[in-house]
Amino acid sequence: MILRCRLCHAAIAAFSPADLSLPMTGAMFGPLEPGFPPPFDPEASFDAARCPFCRHHPQGYDPAGRATLETGTGPWPVGGTVRRVAKAHSKKEGK
Ligand SMILES: [Zn+2]
């Protein structure tokens, strides 16, 4: 699928939904066409990713927007992983 920037709507990366898991990293995203360098630092957290066109985070800055990626076919949910992480966190606090 194609990752689009939520702020400037440019197509910036290609990804496979099966590869997505939290926490997301740059390594989960590849170039739009083979042979080009990866769009984001593969070693870095996705939080550090920046749109190469507008230099903002591809998901924008609304915390609610972190649950989805903007794609060529509309918002793509980043799995149920967001809820699972929140659940694990509250469980930890309950101890
Ligand atoms: Zn952008």
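Take the sequence shown: its letters are residues -20 to -1, 1 to 75, numbered as in mature numbering (1 follows the signal peptide of the UniProt record, and there is no 0).
Here a beta-carbon is modelled for each residue, glycine too, at the ideal position from N, C-alpha and C.
Model, not experiment: these values are computed from the prediction.
| message | Can you determine whether any heavy atom of ligand 1 sits closer than 7 Å to the C-beta of Leu(-14), and answer yes or no? | response | Leu(-14): yes, Cβ under 7 Å from ligand 1.
- Rounded to whole angstroms, what's the CA-CA distance from Pro19 to Gly6? Just pull it up for me. Going from the Cα of Pro19 to the Cα of Gly6 covers about 8 Å.
With DSSP as the reference, label Gly52 as helix, strand or coil.
-> Annotated three-state conformation of Gly52 is coil, per DSSP.
What does the alpha-carbon distance come out to for the pair Arg63 and Gly54? At Arg63 the pLDDT is 46, less than 50, meaning the model places this residue with poor confidence; the figure from the coordinates comes in the next sentence. Their Cα atoms are separated by approximately 21 Å.
Under 7 Å from any heavy atom of ligand 1, does the C-beta of Phe33 make it?
-> Yes, Cβ of Phe33 sits closer than 7 Å to a heavy atom of ligand 1.
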